[in-house]
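Residue numbers (the numbering used here), protein chains in the order written: chain A, 1 to 123; chain B, 124 to 246; chain C, 247 to 369; chain D, 370 to 492.
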């Protein structure tokens with residue numbers, strides 16, 4: 001069953017860098033949980049926005065039909081890795097309806113989430 | 124008074140397994156708080172989506188009229204228990220309007236929530 | 247400027263009781279932040295829903311024009327106090343548009359929030 | 370690509386003051402992440418609402434086209450700084466569509482968020 005929207009935004013984003021703070025800060029990472037409950041593969045593009053330079057992207061991800069994908073921003077590599085210690089926002093567009101939830105994970109405790117919120121979706 | 128929607132989705136889901144991390148990780152569990160404020164019982168079906176296999180379900184729950192139900196994903200058994208250490212998403216459909224909130228509980232402190240967010244709802 | 251909706255729901259609710267867990271559990275409390283940005287006082291009614299008995303309420307609150315009110319569920323007294331160690335949900339209705347955010351506070355640290363999410367609103 | 374809404378509200382707000390609690394309470398701060406993904410600069414006005422006095426503002430911020438801005442309420446100065454130990458709410462209006470996410474940061478750990486939720490938006 002298709003459910004969701006094709007345009008999403010997460011205004012908050014921040015990946016701590018290795019030069020800041022104690023070790024726990026290093027182990028958390030940003031994630032976007034992407035659900036494609038429909039019958040067709042979803043081709044997804046992610047643009048990253050910054051405070052002091054032009055947007056970067058698109059990053060491309062395919063979420064197959066009837067599958068979920070927990071995307072970690074830390075793992076994005078093309079066209080470039082996500083800078084640490086830098087506030088950013090993301091806009092996520094898909095050719096099929098998807099549902100997006102923003103989550104920050106703490107890898108010290110087997111993927112426990114520190115926070116989570118539904119992303120903003122556009123009708 | 125009926126309030127809510129009939130189709131909901133929670134993109135983020137993860138139940139830590141016994142093989143990962145220290146003991147606190149074992150005591151948290153995923154929950155979906157389901158409110159049926161209407162005058163008719165709500166018959167609810169939950170489908171679970173994974174990253175590498177077909178969806179599982181439906182799991183079936185009845186929330187009586189004018190009642191709330193704090194469903195723990197850890198407790199789901201039919202058609203199969205929810206795998207640990209595995210990202211999943213859920214789609215929740217109801218024959219009556221309901222309101223769904225996603226919560227992760229920490230049972231060490233008498234049901235204190237670690238995070239909570241309204242689920243995505245479809246008009 | 248009026249902003250908001252007249253019907254809101256918070257599916258998740260739980261106030262730890264004195265018989266459970268260590269002291270920190272006792273110091274957190276549930277809150278609903280109610281914003282009335284309009285030019286007329288908002289007369290608000292709150293109904294509480296439980297898993298095993300009929301709803302309780304209405305609890306009545308007035309939020310004056312152009313004011314905010316951080317309501318603590320722990321402080322509700324009429325028609326009865328909110329039971330501890332008991333899952334509940336709330337439906338909040340207002341005669342004027344308001345905005346509602348669900349927050350759990352930790353009083354040990356000067357009102358630091360442990361979690362927060364926008365409530366569900368009905369058009 | 371423009372995405373978002375022009376009117377937003379965050380019902381929950383609280384900045385701990387120096388006279389309350391242990392040091393960790395002093396290091397957290399409120400933030401609103403503001404994304405302007407469009408091609409025109411967004412001129413933003415913020416009004417703060419209190420429980421016992423008239424609203425204060427507008428505070429003015431410009432978020433350039435295709436930029437994000439992580440606004441800290443602690444840093445607002447004109448027309449006056451945000452009082453500590455005081456519950457408040459905020460209404461954020463923009464002449465261009467933006468996306469707003471409410472976040473509370475913990476500066477002890479390189480900007481780790483303690484909580485985050487999408488703000489309420491008005492169509």
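We treat Cβ as the ideally placed atom computed from N, Cα and C, and that holds for glycine.
All values derive from a computational prediction rather than experimental measurement.
Beta-carbon contacts of residue i that lie in its chain and below 7 Å, excluding the five residues immediately before and after
i                      : result
residue 118 of chain A : 101
residue 379 of chain D : 401, 458, 459, 471 and 488
residue 322 of chain C : 305 and 328
Distance between residue j and residue i (C-alpha atoms, nearest Å)
i                      : j                      : result
residue 16 of chain A  : residue 83 of chain A  : 9 Å
residue 185 of chain B : residue 434 of chain D : 49 Å
residue 314 of chain C : residue 43 of chain A  : 43 Å
residue 222 of chain C : residue 490 of chain D : Past the boundaries of the shown model lies residue 222 of chain C; chain C is included only from 247 to 369, so the question cannot be answered.
residue 80 of chain A  : residue 53 of chain A  : 14 Å
residue 92 of chain A  : residue 50 of chain A  : 15 Å
residue 287 of chain C : residue 341 of chain C : 9 Å
residue 208 of chain B : residue 456 of chain D : 39 Å
residue 228 of chain B : residue 361 of chain C : 11 Å
residue 133 of chain A : residue 416 of chain D : No answer is possible for residue 133 of chain A: it lies beyond the span of chain A, which begins at 1 and ends at 123.
residue 196 of chain B : residue 137 of chain B : 9 Å
residue 159 of chain B : residue 194 of chain B : 13 Å
residue 6 of chain A   : residue 252 of chain C : 28 Å
residue 398 of chain D : residue 153 of chain B : 28 Å
Close Cβ partners of residue i (< 6 Å) along its chain, the five nearest in sequence each way excluded
i                      : result
residue 248 of chain C : 284 and 343
residue 131 of chain B : 215, 223, 242 and 244
residue 258 of chain C : none
residue 4 of chain A   : 97, 98 and 99
Residue i at chain A interface by Cβ criterion, 7 Å
i                      : result
residue 132 of chain B : yes
residue 391 of chain D : Annotation note: pLDDT 48 at residue 391 of chain D (below 50); position unreliable, coordinate value reported separately. Not an interface residue.
residue 209 of chain B : no
residue 468 of chain D : yes
residue 153 of chain B : no
residue 168 of chain B : no
residue 245 of chain B : yes
Contact with chain C by residue i, beta-carbon distance below 7 Å
i                      : result
residue 191 of chain B : yes
residue 149 of chain B : Caution is warranted here: a pLDDT of 44 is assigned to residue 149 of chain B, below 50, making its placement in the model unreliable, and the coordinate value is therefore given only provisionally. Closer than 7 Å: no.
residue 428 of chain D : no
residue 458 of chain D : yes
residue 424 of chain D : yes
residue 450 of chain D : no
residue 126 of chain B : yes
Under 8 Å by beta carbon: chain F residues contacting residue i
i                      : result
residue 363 of chain C : Absent here is chain F; the protein component of the structure consists of chains A, B, C and D.
Within-7 Å CB hit, residue i to chain D
i                      : result
residue 12 of chain A  : yes
residue 281 of chain C : yes
Close Cβ partners of residue i (< 8 Å) along its chain, the five nearest in sequence each way excluded
i                      : result
residue 179 of chain B : 170, 171, 173, 202 and 203
Chain B within 7 Å of residue i, Cβ atoms only
i                      : result
residue 6 of chain A   : no
residue 297 of chain C : yes
residue 93 of chain A  : no
(request) Return the chain-ordered ranges of every beta strand (DSSP E) run that is complete within the stretch 141-216 of chain B and spans a minimum of 3 residues. (result) 151-159, 165-173, 179-186 and 190-195
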